[in-house]
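Chains as they are written, first to last, in my numbering: chain X, 1 to 950; chain D, 1 to 210.
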Ligand SMILES: Nc1nc2c(ncn2[C@@H]2O[C@H](COP(=O)(O)OP(=O)(O)O)[C@@H](O)[C@H]2O)c(=O)[nH]1
Ligand SMILES: [Mg+2]
């Protein structure tokens with residue numbers, strides 16, 4: 001799991017932070033990034049130290065160790081900082097962090113012993129598999145040094161199984177081959193399997209690129225400074241890379257600089273495994289890869305053969321399985337084709353992994369946000385560094401990205417001839433993605449004079465194309481100075497890029513990315529939204545605004561999905577579905593009754609039923625289209641359709657009939673859906689009308705029947721309503737509807753035999769709270785009784801169901817209006833606020849003075865003759881004080897939707913915290929425990945000479 | 001130099017592999033090739049034709065095929081005066097995509113953009129391929145949305161030139177002149193207030209304004 005994933009799990013509110021393209025990195029992350037170490041290499045210990053090296057190479061006869069005659073090298077003592085991670089020992093000098101950088105995989109350590117040291121209290125002599133020795137002198141508090149050593153010792157012990165794989169790994173290393181062949185005198189040794197260039201020739205003329213001389217330099221370097229998994233990087237290392245890596249060495253150096261080598265060593269066999277496990281499978285990525293295989297560096301001869309094509313296919317498909325979020329993106333084919341000339345499949349695979357993860361994140365993602373972002377950053381650099389040129393480009397409406405986009409996306413591979421592109425790659429792997437900016441800027445700078453003559457994109461493209469095709473030619477053909485004439489355009493490019501534009505730093509790029517990422521992400525998101533909304537299924541009841549709203553809520557709910565980055569699954573699982581509906585469906589909002597386990601279970605059952613009904617592909621996940629189609633049915637304006645749809649939810653076998661069990665479940669579902677009205681959290685139209693009627697009557701009463709025109713109607717202000725009364729009334733109406741429904745269901749069911757018909761208690765009379773709960777219980781027992789009779793099968797068909805619903809005013813209204821208007825797809829809901837509460841419902845009624853006024857008028861018109869007005873049971877009072885007290889009391893009782901929802905969510909989330917906290921403390925405890933005995937032991941073990949031997 | 005050359009910036013859009021690049025290649029070089037380099041980002045080509053004794057220079061932007069490159073498309077249809085929205089008559093899905101592109105252009109591109117809807121690969125129908133998008137369907141969409149409509153084959157060349165000629169005829173010459181003067185104005189404007197112009201230009205020309 002990536003760092004951000006685990007962070008996100010711990011603290012979802014940190015999501016915004018993780019959204020950022022340029023998050024603040026932790027020390028460990030920075031460290032790993034700098035030395036290109038795999039993801040789990042955290043710093044376990046670090047200390048100040050002085051380090052010196054002695055090269056010792058076994059001679060051809062292989063008897064005794066002999067100190068190299070350049071033994072004076074040991075005289076160099078570097079002072080700096082030493083780091084220990086689970087599998088690495090890393091040292092860097094204190095001077096400029098690059099004079100001496102040692103990156104040592106601990107598998108290469110043969111022996112660690114205490115060194116008899118005069119000047120230092122504490123020193124270790126580390127012997128490597130090559131025989132080379134590293135003398136580490138610790139600086140600092142004694143016990144810290146001891147601790148470091150103990151940890152190292154522990155790591156070494158744990159690493160013993162890994163270390164066994166070292167010899168096999170070294171057989172794949174060309175540097176090892178060079179040493180073995182030339183020093184150890186093993187003439188019969190086989191060349192490690194490397195890139196296609198081995199058989200199909202490397203690009204460029206070997207004498208021209210001085211292959212042999214360069215190989216010799218590297219040979220000397222490896223002999224003195226180590227190689228592959230145990231190498232000291234000095235300024236010479238970087239210099240050798242700058243002058244161009246010899247073709248035979250190139251794969252290994254790319255692999256080493258990119259850290260892909262560490263990945264390959266740590267994950268040996270993984271590449272093969274991925275290929276085997278997915279053999280024969282198909283995917284969209286694979287189809288796309290197939291289309292491009294023949295179009296990847298087709299001019300290189302290997303890619304006209306099945307062998308070359310097959311290697312390319314393997315690496316690209318393996319990656320598409322390894323990282324399905326990226327899958328395959330055009331241009332990867334070109335880049336990998338470039339890698340494979342110099343690397344084995346496995347090397348190229350890990351190199352691609354690190355390229356996508358570390359070097360150019362987001363370039364090949366589903367939204368290509370990294371590409372868009374870096375194009376914008378590049379433009380800002382051009383504007384900043386070459387304002388005249390930038391101005392010209394703007395004025396002539398030249399689309400810079402048409403040339404620059406492929407530079408970044410295919411790393412110059414198709415833009416320049418191969419032999420030059422690979423030189424850029426040498427530096428790219430050493431210095432990172434900033435290299436691309438530096439070279440791109442240099443190309444524009446060098447061609448600026450010509451570009452300033454171009455007046456359209458066509459000429460601009462032609463200039464650049466011509467330039468790249470003539471890179472091998474003299475940069476100054478007309479110069480009288482021979483030396484000057486000999487400078488090629490390519491050399492000029494390197495100088496311009498890496499001298500003049502060395503001021504363009506990784507930090508500058510990061511800063512610029514930070515500046516533009518928001519805009520880019522927004523653009524991507526609106527584009528994605530536009531696109532997706534256009535591909536929505538046809539809806540009959542949802543407007544385009546509704547759809548837009550549903551889209552937003554849908555993706556807000558799926559926290560793991562990042563629209564702009566195109567990562568994560570965009571489907572909705574059941575738990576998220578519950579959260580999603582609870583945001584805007586009144587019946588699904590968290591409520592007081594959720595405390596009742598039976599109710600919670602019913603709710604889940606119903607939601608599961610709905611979920612399964614919407615899950616068109618039966619994959620246990622909903623797509624956005626599923627959700628839209630489902631909601632469209634749920635909010636239908638057609639009464640009969642609404643009833644039919646509800647029926648079909650329960651008629652799972654689709655035979656048009658509901659059996660007893662299904663009827664009971666359906667009635668349970670109805671009870672559940674109508675709960676918010678039954679419990680008085682919301683009012684339906686019938687209640688609303690009742691209230692309006694009462695107010696109207698009251699107004700008429702107070703005016704003494706003297707209202708003649710609309711203008712005379714004084715709207716009630718500051719009136720308070722006896723909410724309790726209406727709530728009770730409404731609750732009773734719903735209970736009655738439920739009871740009637742059950743009764744009628746069994747009455748009208750086919751094959752009726754209601755012999756043991758239960759006495760249905762009349763729920764209609766006016767009673768208090770207590771009695772209602774009693775009735776509720778009785779109602780449930782009725783259900784239970786009816787369900788108890790398995791001997792008399794009964795079924796209800798759709799027409800019967802419809803009839804039963806239509807026979808009840810409340811349920812009819814429920815399907816024609818209440819349900820539909822309780823699904824607020826039209827309101828933009830923010831995750832953490834706005835839930836309609838009863839208070840605002842009543843307020844709404846009062847505020848809607850016009851409707852009340854109309855009521856009054858209708859009454860005046862029709863009832864004017866009636867002299868005595870039926871007594872209004874509760875007289876609205878206008879006392880402001882009573883409103884406030886009411887509100888308080890009211891809030892206490894009923895305002896749980898707004899008040900408790902956050903709490904509910906907290907509750908849901910708190911389990912995460914608890915789990916994580918527990919984990920953290922337990923791992924901490926383990927770590928501490930493991931320290932203890934060691935540090936205790938070590939002081940006694942001081943006399944031990946040999947600390948470790950492999 | 002020809003004094004009255006009208007430049008038409010034209011962009012090709014459509015699902016991957018419907019034959020956009022092939023149509024361009026047919027129009028520009030009267031050629032057809034099976035294995036071409038994939039289009040990374042976009043390709044730019046030009047072709048001059050004479051329509052009614054007037055030279056028209058097509059500046060053609062051929063966009064990348066892969067779905068994920070679609071979010072780069074706005075860089076290229078920005079300022080386009082004409083667009084070919086291409087689908088494959090044997091692939092119904094590509095027609096759905098075409099509908100999408102037509103909407104996208106109408107909502108996001110310049111107001112008076114001229115769009116031609118192009119059903120490609122009709123040669124496959126003769127070779128036993130099954131037609132999946134009826135000619136009438138294309139015609140209907142074209143009529144609804146006010147598009148030119150053609151069915152073509154980049155392979156045989158059938159109708160390919162007519163598409164471009166059709167577009168060339170639809171773009172009034174007057175527009176071209178106006179355009180020139182408009183762009184002249186813009187340039188002089190830029191020279192006058194260069195500070196603002198630089199700022200305005202940055203956002204307007206942003207390669208990332210999608
Ligand atoms: N039969 C036939 N094949 C075509 C036609 N146009 C393109 N193709 C083929 O369709 C594939 C995709 O063409 P391409 O131009 O790259 O499509 P693009 O992705 O839209 O640019 C190629 O294999 C072409 O050879 C056509 O008119 N008829
Ligand atoms: Mg193409």
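Using N, Cα and C, we set each Cβ at its ideal position, and we do this for glycine too. Owing to the predicted nature of the structure, the values given are computational and were not obtained by experimental measurement.
Measuring only the C-alpha atoms, how far is residue 212 of chain X from residue 206 of chain X?
Near 8 Å, if we compare the C-alpha coordinates of residue 206 of chain X and residue 212 of chain X.
So if DSSP puts residue 115 of chain D in a beta bridge, which residue, or which two residues, is it bridged to?
Answer is D/83.
May I ask you to list, following chain order, the residues of the region 58-72 of chain D that have a beta carbon less than 9 Å from some beta carbon of chain X?
59, 61, 64, 65, 66, 67, 68, 69, 70, 71 and 72
Closest Cβ-Cβ distance between residue 215 of chain D and chain X: below 8 Å?
Residue 215 of chain D is absent from the model: chain D starts at 1 and stops at 210.
By how many angstroms is the C-alpha of residue 398 of chain X removed from the C-alpha of residue 457 of chain X?
5 Å
What runs of the beta strand (DSSP E), each 3 residues or longer, lie entirely inside the region 202-254 of chain X?
If we require 3 residues or more, the beta strand (DSSP E) runs fully inside the region 202-254 of chain X come out as 230-233.
Can you pull out the residues from the region 23-51 of chain D whose beta carbon lies closer than 7 Å to at least one beta carbon of chain X?
35, 36, 37, 38, 40, 41, 42, 44 and 46
Starting from residue 400 of chain X, trace the alpha helix (DSSP H) both ways and give me its first and last residue.
Element bounds for residue 400 of chain X: n/a, residue is neither H nor E.
Inspect the beta-carbon positions of residue 28 of chain D and residue 47 of chain D and report whether they are closer than 8 Å.
Result yes, Cβ atoms of residue 28 of chain D and residue 47 of chain D sit closer than 8 Å.
Contact set between residue 414 of chain X and chain D, taken where Cβ atoms lie within less than 9 Å:
Listed along chain D, the residues sitting closer than 9 Å to residue 414 of chain X by beta-carbon distance are 37 and 40.
Which residue comes first and which comes last in the alpha helix (DSSP H) that contains residue 199 of chain X?
197-200
If we count the other Cβ atoms within 10 Å of its Cβ and call it buried at 16 or more, is residue 667 of chain X buried or exposed?
buried
Selection of the region 444-471 of chain X by Cβ proximity to chain D, strictly under 8 Å
Listed in sequence order: 456, 457, 458 and 461.
In chain order, what residues of the same chain lie with their CB nearer than 7 Å to the CB of residue 379 of chain X, ignoring the 5 residues before and after it?
400
Which chain X residues are close to residue 79 of chain D, counting only those with a beta carbon under 8 Å from its beta carbon?
397
For review: beta carbons within less than 7 Å of any heavy atom in ligand 2:
D/20, D/21, D/38, D/39, D/62, D/64 and D/65
Along the region 89-100 of chain X, what residues have a CB closer than 9 Å to any CB found in chain B?
The structure shown contains no chain B; the protein chains it does contain are X and D.
Since I believe residue 563 of chain X is in contact with residue 525 of chain X (beta carbons under 8 Å), could you give me their beta-carbon distance rounded to a whole number of angstroms?
Going by Cβ atoms, the distance from residue 525 of chain X to residue 563 of chain X rounds to 5 Å, so yes, they are a contact pair.
Report yes if the C-beta distance between residue 300 of chain X and residue 418 of chain X is below 8 Å; otherwise report no.
yes
Validate contact between the region 422-435 of chain X and the region 54-66 of chain D using beta carbons, cut 8 Å, 3 pairs:
no
With a threshold of 8 Å between beta carbons, is residue 98 of chain D in contact with chain X?
no
Shorter than 7 Å, the distance from the beta carbon of residue 263 of chain X to the closest heavy atom of ligand 1, or not?
no
Would you mind working out which of X/724, X/815 and X/571 sits nearest residue 674 of chain X, comparing C-alpha positions?
X/815
At a Cβ cut of 8 Å, what residues of the region 504-530 of chain X count as close to chain D, listed as they run along the chain?
Residues of the region 504-530 of chain X with a Cβ closer than 8 Å to any Cβ of chain D, in chain order: 516, 519, 520, 523, 524, 527, 528 and 530.
According to DSSP, simplified to helix, strand and coil, what is residue 442 of chain X?
helix
Counting pairs of beta carbons, one from the region 39-46 of chain D and one from the region 447-464 of chain X, are three or more of them closer than 8 Å?
yes
Would you say residue 124 of chain D reaches chain X, if we count a Cβ-Cβ gap shorter than 8 Å as a contact?
no
Is there contact here, the region 577-594 of chain X with the region 546-558 of chain X, by at least three beta-carbon pairs under 8 Å?
Flag = yes, the region 577-594 of chain X and the region 546-558 of chain X touch.
What residues of chain X sit near residue 74 of chain D, judged by a beta carbon separation below 9 Å?
523 and 527
With 8 Å set as the bound, which would you pick, yes or no: does the beta-carbon of residue 641 of chain X sit closer than that to a beta-carbon of chain D?
No, its Cβ sits nowhere closer than 8 Å to a Cβ of chain D.
Quick check: what's the CA-CA separation for residue 472 of chain X versus residue 496 of chain X?
16 Å
Can residue 14 of chain D be considered in contact with ligand 1, in the sense that its beta carbon sits closer than 7 Å to one or more heavy atoms?
yes
Sort X/104, X/646, X/134 and X/634 by Cα distance to residue 797 of chain X and report the nearest one.
Nearest C-alpha to residue 797 of chain X: X/646.
Which whole-angstrom value describes the C-beta separation of residue 726 of chain X and residue 681 of chain X, a residue pair presumed to lie in contact below a C-beta threshold of 8 Å?
Incorrect: roughly 12 Å between the Cβ atoms, too far for contact.
Using only the alpha-carbon positions, how far apart do residue 61 of chain X and residue 183 of chain X sit?
Confidence in residue 61 of chain X is poor, its pLDDT being 38 and thus under 50, which makes the residue's placement too unreliable to answer from.
Please name the residues in the region 358-376 of chain X whose beta-carbon is closer than 9 Å to at least one beta-carbon of chain D, in chain order.
364, 365, 366, 367, 368, 369, 371, 372, 373, 375 and 376
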